[in-house]
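Trainee:
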Amino acid sequence: MSVLPSFADARVLIVGDVMLDRYWFGDVNRISPEAPVPVLKVERVEERPGGAANVARNIAALGAEATLLSVVGHDEAGACLERLLAEHSNLNALLHRDKSVSTIIKLRAIARHQQLLRIDFETPPSHEVLHAALADYRAQLPLADVVILSDYGKGGLAHIAEMMQLARAAGKPVLVDPKGDDYARYRGATLLTP
Numbered sequence: 138m139s140v141l142p143s144f145a146d147a148r149v150l151i152v153g154d155v156m157l158d159r160y161w162f163g164d165v166n167r168i169s170p171e172a173p174v175p176v177l178k179v180e181r182v183e184e185r186p187g188g189a190a191n192v193a194r195n196i197a198a199l200g201a202e203a204t205l206l207s208v209v210g211h212d213e214a215g216a217c218l219e220r221l222l223a224e225h226s227n228l229n230a231l232l233h234r235d236k237s238v239s240t241i242i243k244l245r246a247i248a249r250h251q252q253l254l255r256i257d258f259e260t261p262p263s264h265e266v267l268h269a270a271l272a273d274y275r276a277q278l279p280l281a282d283v284v285i286l287s288d289y290g291k292g293g294l295a296h297i298a299e300m301m302q303l304a305r306a307a308g309k310p311v312l313v314d315p316k317g318d319d320y321a322r323y324r325g326a327t328l329l330t331p
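In terms of our numbering, the sequence shown opens at residue 138 and continues consecutively.
#1: Does the Cβ of residue 168 have 16 or more other Cβ atoms within 10 Å, making it buried, or fewer, making it exposed?
#2: Please classify residue 174: does DSSP put it in a helix, a strand, or coil?
#3: Note down the Cα distance separating residue 260 from residue 159, rounded to an integer number of angstroms.
#4: Please report how far the alpha carbon of residue 200 lies from the alpha carbon of residue 298, in whole angstroms.
#5: In angstroms with no decimal places, state the Cα-to-Cα distance between residue 327 and residue 302.
#6: Which whole-angstrom value describes the C-beta separation of residue 156 and residue 243, a residue pair presumed to lie in contact below a C-beta threshold of 8 Å?
#7: Which residues bound the alpha helix (DSSP H) around residue 219?
#8: Closer than 8 Å by C-beta to residue 165: which residues in its own chain qualify, once you throw out the five before and the five after it? Chain order, please.
#9: Can you tell me the Cα-Cα spacing of residue 316 and residue 282, whole angstroms?
#10: Go ahead and pull the three-state DSSP assignment for residue 156.
#11: Please return the same chain residues whose Cβ sits closer than 8 Å to the Cβ of residue 162, not counting the five positions on each side in sequence.
#12: For residue 288 and residue 231, which I take to be in contact (beta-carbon distance under 8 Å), what is that distance rounded to the nearest angstrom?
#13: Which value, in whole angstroms, describes the spacing of the CA atoms of residue 270 and residue 170?
#14: Apart from the five residues on each side of it in sequence, which residues of its chain come closer than 8 Å, Cβ to Cβ, to residue 211?
#15: Determine the contact status of residue 325 and residue 154, defining contact as a CB-CB distance below 8 Å.
#16: Is residue 203 helix, strand or coil by DSSP?
#17: Is residue 209 near residue 240, with beta carbons less than 8 Å apart?
#18: Near residue 314, what residues of its chain come up, given a Cβ to Cβ distance below 6 Å and the 5 sequence neighbours on each side ignored?
#19: Here's the rule: buried if 16 or more other CB atoms are within 10 angstroms of the residue's CB, otherwise exposed. What is residue 228?
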């Protein structure tokens, strides 16, 4: 007999900054003649959900019903994230497409198990798209048992104070994975991760 309820019965609403983690794996055998930098011959490319998308994927992998609410660009990386997230039947990805931004990409170049370089592509989402996402948050909140706010400091949680207030009013626990050291921004959360 279990004291804890089954995780499979949980309905989790995840809101935050999503990104595509892209990896270029290869080998380095020479230095560039143009500059004193290694030349990576790419042999394999991997793409994985990152940021709040990784949180949602992990929640779904544990068996819970996950709903992910975020913003992506109207681009190849956004479509790739949607495709990767669609692999989980218990993950509902509500990704707002914003034509004014590029989907966040964290590109890592790796050789011999060592990261050589990371390149970040990111633009904060528009005010209009964030308002549309807030409206979706209001609609999804009554369907959730718990809310996870996954803040990577990329602008997707501009309305975090209002989101926490709405969740508290609805009696929903709010778990926050914070970015930075201004914890006052997360006042009212049920739990902060380290």
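Cβ atoms here follow ideal geometry from the backbone N, Cα and C, with glycine treated the same way.
Mentor: In short:
#1: The count along the sequence shown starts at 1 and reaches residue 168 at position 31. Exposed is the call here.
#2: Here the question's residue 174 lines up with position 37 in the sequence shown. The answer is coil: DSSP assigns residue 174 none of H, G, I, E or B.
#3: Taking the sequence shown and counting its residues from 1, one reaches residue 260 at position 123. Taking the sequence shown and counting its residues from 1, one reaches residue 159 at position 22. If you take the alpha carbons of residue 260 and residue 159, they lie about 17 Å apart.
#4: The sequence position of residue 200 within the sequence shown is 63, counting from 1. The sequence position of residue 298 within the sequence shown is 161, counting from 1. Using only the alpha carbons, I get a separation of about 29 Å.
#5: For the purposes of this step, residue 327 is taken as residue 190 along the sequence shown, with counting starting at 1. For the purposes of this step, residue 302 is taken as residue 165 along the sequence shown, with counting starting at 1. Rounded to whole angstroms, residue 327 to residue 302 spans 11 Å at the Cα level.
#6: On the sequence shown, position 19 is the one that residue 156 refers to. On the sequence shown, position 106 is the one that residue 243 refers to. Sure, about 6 Å apart at Cβ, within 8 Å.
#7: As a working note, residue 219 is residue 82 in the sequence shown. Element bounds for residue 219: 213-222.
#8: Taking the sequence shown and counting its residues from 1, one reaches residue 165 at position 28. Here the set comprises 175, 176, 177, 178, 248, 249, 253.
#9: As a first step, residue 316 is located in the sequence shown; it is residue number 179 there, counting from the start. As a first step, residue 282 is located in the sequence shown; it is residue number 145 there, counting from the start. So the two alpha carbons sit approximately 24 Å from each other.
#10: For the purposes of this step, residue 156 is identified with residue 19 of the sequence shown, where counting begins at 1. Strand, per DSSP.
#11: Along the sequence shown, read from residue 1 onward, the residue named residue 162 stands at position 25. Hits under 8 Å: 179, 180, 181, 182, 183, 247, 248.
#12: Position 151 of the sequence shown, counting from 1, holds the residue named residue 288. Position 94 of the sequence shown, counting from 1, holds the residue named residue 231. Residue 288 to residue 231, Cβ: 18 Å. No contact.
#13: Along the sequence shown, read from residue 1 onward, the residue named residue 270 stands at position 133. Along the sequence shown, read from residue 1 onward, the residue named residue 170 stands at position 33. Their backbone Cα atoms lie some 48 Å apart in a straight line.
#14: As a position in the sequence shown, residue 211 is number 74, starting the count at 1. Exclusion of the five residues before and after residue 211 leaves 234, 235, 236 as the residues of its chain whose Cβ lies within less than 8 Å of its Cβ.
#15: Reading the sequence shown from its first residue, position 188 is the one you call residue 325. Reading the sequence shown from its first residue, position 17 is the one you call residue 154. Residue 325 is not a Cβ neighbour of residue 154, given a cutoff of 8 Å.
#16: Here residue 203 corresponds to residue number 66 of the sequence shown, with the count starting at 1. It is a strand residue.
#17: Position 72 of the sequence shown, counting from 1, holds the residue named residue 209. Position 103 of the sequence shown, counting from 1, holds the residue named residue 240. The answer is yes: Cβ separation under 8 Å.
#18: For the purposes of this step, residue 314 is identified with residue 177 of the sequence shown, where counting begins at 1. So the list reads 287, 330, once near-sequence residues are dropped.
#19: Here residue 228 corresponds to residue number 91 of the sequence shown, with the count starting at 1. Result: buried.
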